[in-house]
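S.K.: Chains as they are written, first to last, in our numbering: chain A, 1 to 163; chain B, 164 to 557. Quick reminder that beta carbons are idealized off the backbone N, C-alpha and C, glycines included.
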Amino acid sequence: MPDPSSIADVLKEKLGAESVLEFKAQRQRRAYVTVGPAFIKDAIRILMEAGFKHLSTITGLDTGSEIEVIYHLGDYSNVVSLRTKLQRDSPELPSCIDLLPGASLYEREVHDLLGVNFKGHPDLSPLVLPEGWPSGLYPLRKNHTIEDITKRLDAPLNEGGQP
Amino acid sequence: MSKGTSFEIPIGPQHPALKEPESFTFVVDGENVVDVKPRIGYNHRGIEKALEARTYLQNLYLIERVCGICSHAHVFCYSQNVEEAAGIEAPPRAKYIRTIVAELERIHSHLLWVGIAAHEIGFDTLFMYAWRDREVVMDLLELISGNRVNYAMNTIGGVRRDIQSDVAEEVRKGLQKLEERAKYYTGICTSERTILRRAVGVGILKPADALTLSAVGPTLRASGIGRDIRRDDPYGAYDEIPFNVITHDGCDVASRVIVRLGETLEAIGIVRYALEHLPEGEIKVRAPRTVASNESVSRVEAPRGELIHYIRSNDTDKPERYKIRSPTLGNILSVCKMLVGGYVADIPIVLAAIDPCFSCTDRMAFVDIEGEREWHMTGEELRRYGIKWYEAKG
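#1: From this set, A:P122, A:V116, A:L153, which residue's C-alpha is nearest I180 (chain A)'s C-alpha?
#2: Quick one: which unbroken beta strand (DSSP E) runs of 3-plus residues sit fully inside the segment 207-249 of chain B? Chain order, please.
#3: Do the segment 406-414 of chain B and the segment 383-391 of chain B make contact, defined as three or more Cβ pairs closer than 8 Å?
#4: Less than 8 Å separating the beta-carbons of V79 (chain A) and R29 (chain A)?
#5: Using a Cβ-Cβ distance cut-off of 8 Å, determine whether G102 (chain A) contacts chain B.
#6: Starting from the Cα of G306 (chain B), find the closest Cα among B:Y292, B:G320, B:F290, B:A331 and give me that residue.
#7: Which chain A residues are close to D395 (chain B), counting only those with a beta carbon under 7 Å from its beta carbon?
#8: Apart from the five residues on each side of it in sequence, which residues of its chain come closer than 8 Å, Cβ to Cβ, to D396 (chain B)?
#9: How do the segment 455-469 of chain B and the segment 263-282 of chain B stand: do at least 3 beta-carbon pairs fall below 8 Å, yes or no?
#10: Measuring straight from C-alpha to C-alpha, what distance separates F170 (chain B) and R202 (chain B)?
#11: Using a Cβ-Cβ cutoff of less than 7 Å, which residues in the same chain neighbour K556 (chain B) once the five nearest sequence positions on both sides are dropped?
#12: Could you check which residue in A:E13, A:L55, A:G16 has the C-alpha nearest to that of P101 (chain A)?
#13: Take the Cβ of I146 (chain A) as the centre, count every other Cβ of all protein chains shown within 10 Å, and call the residue buried at 16 or more, exposed below.
#14: For T150 (chain A), I'd like the list of residues in its chain whose CB is within less than 8 Å of its CB, leaving aside the five on either flank, ordered along the chain.
#15: By the DSSP assignment, the beta strand (DSSP E) with Y485 (chain B) in it spans what residues?
#16: Leaving aside the five residues before and after D531 (chain B) along the sequence, list all residues of the same chain whose C-beta is less than 6 Å from its C-beta, in chain order.
#17: Could you tell me which of B:D402, B:G321, B:R394 sits nearest to Y241 (chain B), measuring between CA atoms?
#18: Which residues in chain A sit within 8 Å of E252 (chain B), going by Cβ to Cβ distance?
#19: Counting Cβ pairs, one atom from each stretch, are 3 or more of them under 8 Å apart for the segment 469-480 of chain B and the segment 342-352 of chain B?
#20: Output needed for R484 (chain B): all residues of its chain with C-beta closer than 6 Å, excluding positions within five of it in sequence on either side, in chain order.
#21: So, for D478 (chain B): in the same chain, excluding its five sequence neighbours on each side, which residues have a beta-carbon less than 8 Å away from its beta-carbon?
#22: With distances taken from CA atoms, which of B:V190, B:G193, B:I284 is nearest R546 (chain B)?
#23: In chain B, which residues lie with their C-beta within 8 Å of the C-beta of I146 (chain A)?
#24: Using 10 angstroms around the beta-carbon of E533 (chain B), count the other beta-carbons present and answer buried if the total reaches 16, otherwise exposed.
#25: Assuming L114 (chain A) contacts R141 (chain A) (C-beta within less than 8 Å), just tell me the rounded distance between them.
#26: Does DSSP put R27 (chain A) in a helix, a strand or coil?
#27: Thinking C-alpha only, which one of A:P94, A:R152, A:T63, A:A155 is nearest P122 (chain A)?
#28: With distances taken Cα to Cα, identify the nearest neighbour of L303 (chain B) among B:A293, B:K212, B:K340.
#29: My output table needs one value for L61 (chain A): the three-state DSSP class, helix, strand or coil.
#30: Spatial neighbours of L137 (chain A) within its chain, please: C-beta separation below 8 Å, excluding the five flanking residues on both sides.
#31: Using CA coordinates, which residue listed in B:Y314, B:T375, B:A362 is at the minimum distance from E227 (chain B)?
#32: Rounded to whole angstroms, how far is the Cβ of A378 (chain B) from the Cβ of N244 (chain B), which I believe are closer than 8 Å?
#33: Residues of the segment 420-449 of chain B with a CB closer than 7 Å to any CB of chain A: list them in chain order, please.
#34: Give every residue of the same chain whose Cβ lies closer than 7 Å to the Cβ of P37 (chain A), excluding the five residues on either side of it in the sequence, and list them in chain order.
#35: Do V10 (chain A) and L21 (chain A) have their beta-carbon atoms positioned less than 8 Å apart in this structure?
#36: Buried or exposed: where does M291 (chain B) fall if 16 or more other Cβ atoms within 10 Å of its Cβ makes it buried?
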């Protein structure tokens, strides 16, 4: 069975010591590892080769200063949360659906809610947001409060049918 | 596909009176489904955003309402997630009580599903029987928690209600009846001709596809893959309770029926064992109001499969971020795979077979790809169409 606590060493060995920015094995069966955006796809591939092939989901997160994208990969027993941090203006990552076809809807969800552009995804059309949702309004971004969002949705429609 | 013979059939999205709405556009060639495009989100209520604006205690009540059928699974997952981030642990008795309610919820969910699946193939007698018997477990849940759904059993640090010995005795009696009925349904579902005709070889999901698409729960286990969070990543009291992970290798709708009925029987065994071995002691520990900066991933095996929650805390009484991925989302790509290559008449039962929080086939438009013809059908009409199609086929 693959061991999540050794995953940082495996990544460093294959991608170089500079690839891994943070690592913690929080408890049994849980590890959190942060890599630079340039390494994300190679890191996913290496984790899959190590046996972590089940993608539970992808979490997108706005800390207010940067966007984090976290891939929760596992072998059902363990969960390795592979994180990368992106600039808030035009965050972008390569799509991983060629490695993980099951990532397709999760990438679309993160795109909808946080505006992360997954390059190479064939269809980033809205998945969870309604038709006519204002473009560029990413509801999980910290600068949009619930009140702001409500106000924009209540505004009269423009010619494009958007509030 | 050649122009003029292929049609796009949008199915969904809404029936507000029932469960979660979703929409699927089917590209069909005659009776064959060629491609499926899912569109979800019609019930996206912005709960993750709302969670960031509420305290951990308030969020208990919001999380309980993520799902009407598996509300306990969500709040079980949430409670242990916040507990891990806050560095506290629920007492053993609380873990057992959480586990007991979780398994009773699984029994109610699976019996509900047997009824829905029977209805989809036109076997309404079985639908009525299954739902009548489901009332037995609903009564037990009400006896324990005071509620038929949204049990509100959990709090951060434990549970809010104890299970006394007189209640435990009533639960045991109810389990006796449920066991008899579950065994009876297992017999029916593996021998009755109508069910076999509509379920065997229908909605195939090969093991390799199930793994590639990261399928979860009974959908995955009915493709012969024995993965179950309760055993593989134990939580609550599951590391102390013996049970079997039920699998079947038919990869079809019939296998999904067999797996769920097998799991119902296992769940009865788990509840019995847990009641027998219920540890003495406190049912909750005191939880802090604020949670220091931390993060945690929590998973439970909900009735529909792996449920995963992620929390980021930030030294306040509200989460920085709370992420939920319900099992149905994990199975949407798999159900699309099952439908491609199948018949239009099989759409209702194949969709139902992942047990989605889904009920939206109530309004459909059939549109040919050149836009020359357009007509509408309701989900009920599609269901009847499926039944008639099989009758005509003999």
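M.R.: In brief:
#1: For chain A, the structure presents residues 1 to 163; residue 180 (chain A) sits outside this window and is missing.
#2: none
#3: yes
#4: yes
#5: yes
#6: Checking the sequence shown, residue 306 (chain B) turns out to be Leu, not Gly. L306 (chain B) has its Cα closest to that of B:A331, out of B:Y292, B:G320, B:F290, B:A331.
#7: Y76, S77
#8: R462
#9: yes
#10: 18 Å
#11: none
#12: A:L55
#13: exposed
#14: none
#15: 484-488
#16: Its pLDDT being 43, under 50, D531 (chain B) is placed unreliably in this model, and the value from its coordinates should be taken loosely. Excluding sequence neighbours, D531 (chain B) sits near F170.
#17: B:G321
#18: The premise fails here: E252 (chain B) is roughly 11 Å from chain A at the closest Cβ pair, so nothing lies under 8 Å.
#19: no
#20: R475
#21: T453, V454, A455, S456
#22: B:I284
#23: G209, K212, A213, A216
#24: The predicted position of E533 (chain B) is uncertain, since its pLDDT is 41 and thus under 50; a value taken from the coordinates is nonetheless stated next. Classification for E533 (chain B): exposed.
#25: 6 Å
#26: strand
#27: A:P94
#28: B:K340
#29: strand
#30: H144, I149, R152
#31: B:Y314
#32: Rounded, the Cβ-Cβ distance is 23 Å, inconsistent with contact.
#33: none
#34: T84, L86, L93
#35: no
#36: exposed
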